[in-house]
Every structure is written in structure tokens, then in C-alpha cells.
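Engineer: In full-length UniProt numbering, the protein residues as written are 1 to 161.
The beta carbon of each residue, even a glycine, is placed where N, CA and C say it ideally should be.
What follows is a single structure, and I will ask about it in a moment.
See the structure below:
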């Protein structure tokens with residue numbers, strides 16, 4: 001038997017990733033930490049200081065997924081979310097309870113607004129910003145439950161093993 005299931009996912013015996021950790025180099029470490037911790041609301045998990053002024057803070061961001069998209073998908077999303085503004089090769093998306101409030105809070109906290117919150121065809125409210133350390137950030141709020149989203153044409157649910 002192969003190591004792949006018919007859905008293309010690894011078999012249960014295959015190694016599994018335990019955590020996704022995105023490392024962002026921030027020239028102004030204190031400003032970036034204050035923004036992502038205090039303004040966005042990511043919870044501190046750990047922090048370390050080392051020789052030569054080395055600093056790192058690990059902030060908990062809830063569940064993590066890796067969203068892989070081909071260029072056509074990225075162009076489609078850019079057209080919907082930003083009327084054609086370009087995505088960086090890496091854009092970090094945070095699910096929030098209230099995309100309008102969170103967008104206003106992040107802009108007041110120093111983020112640059114790239115696109116106002118707008119409803120997408122798949123019923124989420126998405127905004128795009130530029131945060132400290134040059135990180136492109138999307139905020140999204142799901143407007144309907146997963147059960148309703150899975151009923152849409154083109155939706156292919158993955159396994160939750």
C-alpha cells in the first residue's frame with residue numbers, strides 16, 4: 001500500500017507537523033511586538049533575549065493553516081479583496097470576530113490600510129493592511145457557518161484527522 005490516501009493526504013503513519021511558526025524579522029522589534037500583541041491581540045507564549053541585543057517573542061495566533069494558492073487564485077483574490085492590488089508572496093491572514101472593528105483598531109495602532117473590509121462571494125468580510133515589519137496582513141470574518149460554506153460549488157472539504 002502506498003503512503004498516500006486517495007485524497008492525496010499523508011497516511012496516519014506518516015510524520016505530522018505539530019506547529020506552524022512564522023518568523024518575521026522586525027527592525028523595530030518593540031513597535032512590532034506592541035502592535036501584534038497589544039493592538040491585534042496575539043497572546044504572548046514565550047520570549048527570549050540573547051547576546052548582542054537578540055530578542056524574540058513568540059505570540060500565539062490560534063489555529064494555524066498553510067494556504068497554498070496558484071497564481072490564478074492569487075489574482076482572483078486580489079481582484080475581489082483589493083480591486084487588483086497585488087499580494088506579497090507571503091500574506092498572513094487572521095480570522096477575527098469583527099473585521100470592521102479589527103481593521104479600525106489596527107489602523108489606529110499604526111497599520112497602513114490597503115483595502116477596506118468588503119464582503120467576498122464566499123461570504124467572508126476581508127480587509128487588507130500593511131503591519132509593522134512590512135508584513136502584509138489580511139483580516140477575515142466568516143459570515144456563515146462552515147456547513148453552509150461546504151455546500152457551495154467548488155468547495156472541497158479536506159480531512160480533519
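Ignoring anything shorter than 3 residues or poking outside the UniProt domain "VOC" (16 to 142), list the beta strand (DSSP E) runs there in chain order.
Structural biologist: 43 to 49, 55 to 60, 92 to 95, 112 to 119, 124 to 130, 136 to 142
Engineer: Within 10 angstroms of its Cβ, does residue 55 collect 16 or more other Cβ (buried), or is it exposed?
Structural biologist: As a position in the chain shown, residue 55 is number 55, starting the count at 1. By the neighbour-count definition (other C-beta atoms within 10 Å, threshold 16), residue 55 is an exposed residue.
Engineer: The alpha helix (DSSP H) with residue 147 in it runs from where to where?
Structural biologist: Position 147 of the chain shown holds residue 147. Note, residue 147: alpha helix (DSSP H), 146 to 150.
Engineer: For residue 151 and residue 124, I'd like the C-alpha separation in whole angstroms.
Structural biologist: The residue you call residue 151 lines up with position 151 of the chain shown. The residue you call residue 124 lines up with position 124 of the chain shown. Those two C-alpha atoms are separated by around 15 Å.
Engineer: Can you have a look at residue 137 and say buried or exposed, based on whether 16 or more other CB atoms are within 10 angstroms of its CB?
Structural biologist: Locating residue 137 in the chain shown gives position 137, where the first residue counts as 1. Classification for residue 137: buried.
Engineer: Residue 140 to residue 32, Cα distance in whole Å?
Structural biologist: Taking the first residue of the chain shown as position 1, residue 140 is located at position 140. Taking the first residue of the chain shown as position 1, residue 32 is located at position 32. The alpha-carbon atoms of residue 140 and residue 32 are separated by roughly 21 Å.
Engineer: Just checking my contact of residue 59 with residue 37 at CB under 8 Å: how many whole Å lie between their CB atoms?
Structural biologist: Within the chain shown, numbered from 1, the residue matching residue 59 stands at position 59. Within the chain shown, numbered from 1, the residue matching residue 37 stands at position 37. With a Cβ gap of about 6 Å, residue 59 and residue 37 count as contacting.
Engineer: By how many angstroms is the C-alpha of residue 117 removed from the C-alpha of residue 81?
Structural biologist: Position 81 of the chain shown holds residue 81. Position 117 of the chain shown holds residue 117. Their backbone Cα atoms lie some 8 Å apart in a straight line.
Engineer: Rounded to whole angstroms, what is the Cα-Cα separation between residue 47 and residue 153?
Structural biologist: Along the chain shown, read from residue 1 onward, the residue named residue 47 stands at position 47. Along the chain shown, read from residue 1 onward, the residue named residue 153 stands at position 153. Distance from the CA atom of residue 47 to the CA atom of residue 153, rounded to whole angstroms, is 44 Å.
Engineer: For residue 23, count neighbouring C-beta atoms within 10 Å of its own C-beta (all shown protein chains included) and say buried if the count is 16 or more, exposed if not.
Structural biologist: Against the chain shown, residue 23 aligns to sequence position 23. Answer is exposed; the Cβ neighbour count stays below 16.
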